[in-house]
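Undergrad: Numbering follows full-length UniProt numbering, in which position 311 of the sequence shown is assigned residue number 311; successive positions increment by one, without gaps.
C-beta atoms are modelled at their ideal positions from N, C-alpha and C, and glycine is treated no differently.
My questions all concern the structure below.
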Amino acid sequence: MKKDKARQIAKEVLEQVGGKDNVSKVLHCQTRLRFNLKDESVVVDEKIEEIKGVLGIVRAGGQIQIVVGPEVKDVYSELCDLANFENKDVDPVAKQKEKITFKSIGNGILDAIPGCMGPAIPAIVASAFFKMLVAILGPDLLNVIQEGNDLYTLLTFVGDAAFYFFPVIVGYTSAKKFNLNPVLGILMGAILIHPTFVGLIGKPFTVYGIPCNVQSYASSIVPIILSNWIMSYVARFFDRVVPGAIRSVFSPAFTIAVMLPIALCVFGPAGAFIGKYVVGGLFSLEGVAGFIGIGLIAALYPVLVMTGMHMVLITALFQVFATKGFDGFAAVAVSVSSFSIMGVGIGAFFRLKNKEQKALALSYGITAIVAGTSEPTIYGICTKYKKPFIGLLAGGFIGGAYAGLTGVIDATLVPSSNVFAALCFLGKSQANVVNGIIACVIAFVSTALLVYFFGFDKNEKDIQA
1 MKKDKARQIA KEVLEQVGGK DNVSKVLHCQ TRLRFNLKDE SVVVDEKIEE IKGVLGIVRA
61 GGQIQIVVGP EVKDVYSELC DLANFENKDV DPVAKQKEKI TFKSIGNGIL DAIPGCMGPA
121 IPAIVASAFF KMLVAILGPD LLNVIQEGND LYTLLTFVGD AAFYFFPVIV GYTSAKKFNL
181 NPVLGILMGA ILIHPTFVGL IGKPFTVYGI PCNVQSYASS IVPIILSNWI MSYVARFFDR
241 VVPGAIRSVF SPAFTIAVML PIALCVFGPA GAFIGKYVVG GLFSLEGVAG FIGIGLIAAL
301 YPVLVMTGMH MVLITALFQV FATKGFDGFA AVAVSVSSFS IMGVGIGAFF RLKNKEQKAL
361 ALSYGITAIV AGTSEPTIYG ICTKYKKPFI GLLAGGFIGG AYAGLTGVID ATLVPSSNVF
421 AALCFLGKSQ ANVVNGIIAC VIAFVSTALL VYFFGFDKNE KDIQA
């Protein structure tokens, strides 16, 4: 985004949130400016949405979240420069003190999961790429390389690395989220998967005399996220009470010493328990709802994205693949849903007549197809014009239902929402690949057609010649 355009958006946004004196804190994520305001009543949603370059506004978790899109960092930088705010590249854990309620706890959980998982996605994408190569080049498809071949072995263990060491990776990202020294987060993740500890599975073991039900935590995330959350408070306590001269040595050591029974005897087994029943719940739903269930998840997935709940589903899918290595239900729905989001932008592009809005719709569609970023489409088209959202839900349902009827499965974990999401069907039969691609095409085409024919009112100014 050009500097002048970013500065203009920042200026108008600042005015509409009541000026810098009304801002307690402002941060940003990948697509949104996140404001904590002293007085939220001054914000008029309609006026925010009228700002050229703003895609929408969301009120959640005690914040005013203004959706800008991938260029949010440029706008944030200009905003900080205009109002002399502290410029931070990431959203830290520090939050204003607020009354603890069930709502605030729920908002905290929904905020924590994306904050911990989002930064870890590149590692998963990288390893999944090598898994994809194994699926394509291996004996199940092209048969270019065989099991035991050095290249096959290399691609396999690189493809498994991020999944096996996921507690270490999430140890870093969750520590950053909870304002904990990242090195301590990494250490806790390493403790959970240390070979000596893993070798104690099935054997009696105690931590300071406390019985420990040793589990394998490779590929798991719940134990490390919970452990680092508590450890952030433990570490701050010791940083306060340990004298400065010896703090650098004793504060980290005391922190880990206190956390060992909590992580290994409580959160570890509890996380394994939760993971087991999340996986069981997904597959029991498959038995009850069948192809209709896949259609419903594919339809509603964009709603989960809007509320931040999609990370809960993705987190569960990591557990599914770690346990079974494939999925024929929710993962299929997520893959198909990606193509319905792409279809919105294309349908709107052909329907809109206003040149500026037409160009924006095309850019949103291309962004979804190439980068897999859905929020510009959701907020720039669906919530703005309302009716395209119905087309998005319907198209996702149709594509998901077809995938369910034909028994499509995700044979390879491809944690991507762009056009390459279709590669997840590789690794099983050719019929699975064909039907999976057909389901994606159905979702894409049906959504585009529904948006084109029914997504806009006839008197909508942007479709008038």
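1) Identify whether I201 lies in helix, strand or coil by the three-state DSSP scheme.
2) In the DSSP assignment, find the alpha helix (DSSP H) that holds I246 and state where it starts and stops.
3) Distance, Cα to Cα, M378 vs Q146?
4) Which value, in whole angstroms, describes the spacing of the CA atoms of P182 and F453?
5) Starting from the Cα of L192, find the closest Cα among V303, E46, I381 and A218 and give me that residue.
6) Evaluate contact between the stretch 431–443 and the stretch 335–352, counting only Cβ atoms and requiring at least three cross-stretch pairs below 8 Å.
7) Quick one: measure Cβ to Cβ for I398 and A443, integer angstroms, because I've assumed they're closer than 8 Å.
8) What are the start and end residues of the alpha helix (DSSP H) that includes N65?
9) If you count every other CB in all the chains shown that lies within 10 Å of the CB of V144, and 16 or more means buried, which is it?
10) Just to confirm, is the Cβ distance from residue 466 to V72 under 8 Å?
11) Could you check whether E375 and V67 sit closer than 8 Å to each other, using their CB atoms as the reference points?
12) Could you check if D410 is buried or exposed, using at least 16 other CB atoms within 10 Å of its CB as the buried criterion?
13) V408 and N432 look like a contact to me (Cβ under 8 Å); what is the Cβ gap, rounded to whole Å?
14) Determine the direct distance from the alpha carbon of G290 to that of L426, and round the result to whole angstroms.
15) Which value, in whole angstroms, describes the spacing of the CA atoms of A403 and M342?
16) Please give the ranges of any alpha helix (DSSP H) in the stretch 339–400, keeping only runs that are unbroken, at least 4 residues long and fully inside the region.
17) Between which residues of its own chain and A331 is the CB-CB distance below 6 Å, once the five residues before and five after are set aside?
18) Could you check whether the stretch 3–12 touches the stretch 74–81, counting it as contact only if at least three pairs of C-beta atoms, one from each stretch, sit closer than 8 Å?
19) Under 6 Å Cβ to Cβ from S251, same chain only, skipping five residues before and after it: list those, please.
20) Given this structure, state the Cα-to-Cα distance separating A123 from D457, to the nearest angstrom.
21) By how many angstroms is the C-alpha of T156 removed from the C-alpha of F350?
22) Pair every Cβ in the stretch 226–234 with every Cβ in the stretch 167–176, then say whether three or more of these pairs are closer than 8 Å.
23) Locate the alpha helix (DSSP H) running through K177, then write down its first and last residues.
24) Using the C-alpha atoms, what's the distance from Q16 back to K38?
25) So which of Y164, K176 and Q65 has the shortest CA-CA distance to P119?
26) Roughly how many whole angstroms lie between the Cα atoms of G391 and T315?
27) Does P182 come out as helix, strand or coil in the three-state DSSP assignment?
28) Give the list of continuous alpha helix (DSSP H) stretches no shorter than 4 residues that lie fully inside the UniProt domain "PTS EIIB type-1" (7–89).
29) Please list the terminal residues of the continuous alpha helix (DSSP H) segment that includes Y452.
30) Between which two residues does the alpha helix (DSSP H) harbouring F237 extend?
31) With DSSP as the reference, identify every bridge partner of P211, one or two as the case may be.
32) Measuring CA to CA, which of T412, Y364 and F166 is closest to F326?
33) Would you mind working out which of K131, P211, A6 and N22 sits nearest F163, comparing C-alpha positions?
34) For D457, does the three-state DSSP call read helix, strand or coil?
35) Can you give the Cα-Cα distance for M259 and G185, rounded to whole angstroms?
36) May I have the straight-line CA-CA distance separating L264 from L393, to the nearest angstrom?
TA: So, from the data block:
1) coil
2) Per DSSP, I246 belongs to the alpha helix (DSSP H) from G244 to P261.
3) It should be noted that the sequence gives Ile, not Met, for residue 378. Approximately 43 Å, taken between the alpha carbons.
4) 51 Å
5) A218
6) yes
7) 7 Å
8) Note on identity: in this sequence residue 65 is Gln, with Asn being the wrong assignment. That residue, Q65, is in no alpha helix (DSSP H); its beta strand (DSSP E) goes Q63 to V67.
9) exposed
10) This structure cannot settle anything about residue 466, because the visible part of the chain is limited to 1 through 465.
11) yes
12) buried
13) 6 Å
14) Answer to the nearest angstrom: the Cα atoms are 22 Å apart.
15) 18 Å
16) 355–366
17) L317 and D410
18) The stretch 3–12, when compared against the stretch 74–81, does touch it at the 8 Å Cβ threshold.
19) Cβ neighbours of S251 beyond the five flanking positions: F238, D239 and V242.
20) 44 Å
21) 44 Å
22) Yes, they touch.
23) Membership of K177 in the alpha helix (DSSP H) is indicated by the continuous run F166 to K177.
24) 13 Å
25) K176
26) 27 Å
27) Residue state, collapsed to three classes: helix.
28) List check, alpha helix (DSSP H) in window: 45–49 and 72–83.
29) According to the DSSP assignment, Y452 belongs to the alpha helix (DSSP H) that extends over Q430 to F454.
30) V222 to V241
31) T206
32) T412
33) K131
34) DSSP, read as helix, strand or coil, puts D457 in coil.
35) 11 Å
36) 43 Å
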